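**Q**
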Amino acid sequence: MTAPYRPVQSSLALAEALLNGATSAHPGPWRQLAAAVGNSTACTATVNELLTVALARWKLANSGNGWRIALVSKPGITFDELAALQGLVLLVESVGWTRLKTCDFRSCGRVFLDWTNGGNRRGCSSHLHHPSKSLQASAAKKDKYGMTT
12 MTAPYRPVQS
22 SLALAEALLN
32 GATSAHPGPW
42 RQLAAAVGNS
52 TACTATVNEL
62 LTVALARWKL
72 ANSGNGWRIA
82 LVSKPGITFD
92 ELAALQGLVL
102 LVESVGWTRL
112 KTCDFRSCGR
122 VFLDWTNGGN
132 RRGCSSHLHH
142 PSKSLQASAA
152 KKDKYGMTT
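When we follow this note's numbering, the leftmost residue of the sequence shown carries the number 12, and every step to the right adds one.
(1) Rank Ala94, Ala72, Leu124 and Ala65 by C-alpha distance to the C-alpha of Asn31 and give the top, closest one.
(2) Measuring CB atoms only, is the region 107-124 touching the region 71-89, in the sense that at least three cross pairs come out at less than 8 Å?
(3) In the DSSP assignment, find the alpha helix (DSSP H) that holds Asn59 and state where it starts and stops.
(4) Does the beta-carbon of Phe116 have 16 or more other beta-carbons within 10 angstroms, so that it is buried, or is it exposed?
(5) Among the residues of its own chain, which have a CB less than 6 Å from the CB of Leu99, if the five just before and after it don't count?
(6) Which residue comes first and which comes last in the beta strand (DSSP E) that contains Ser74?
(7) Ala81 bridges to which residues according to DSSP?
(8) Output needed for Thr57: all residues of its chain with C-beta closer than 7 Å, excluding positions within five of it in sequence on either side, in chain order.
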């Protein structure tokens, strides 16, 4: 079985980079989204703002293999930023805001998108493949409400 988010994984990786300060035509909303982790109302408002500033129109185009609908961005929006926004919207549409998370690694603070099958990833890409005792220790120091103690 293929992981459900594999087709948009590269777009989600681009979104993670933008959430963590990569160069963007509109860095403010990406920073606001990163700061709003855990607040679905604020996250939704910020993504709607990004959609408003990024998307100009839909366009029907012949791809040579048939007709395709394409999102056409406003001037100044890069293909990568548009792809990142599309991947983020598809993830949220399928599972909600629970997959926008902050790394559990002690003092990391990076934001990441959890596209795993079970939605149980706890660390950002820097800590994903090399979880340390610090990650486990920081997770253990959370109370029953998920607050760090």
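Idealized CB from N, CA, C, for every residue including glycine. Here the structure is a predicted model, which is why all the values come from computation and not from measurement.
**A** According to the structure data:
(1) Leu124
(2) no
(3) Ser51 to Ala65
(4) buried
(5) Ala26
(6) It is not in any beta strand (DSSP E) - Ser74 carries neither H nor E in the DSSP assignment.
(7) Lys70
(8) Pro40, Gln43, Leu44 and Ala47
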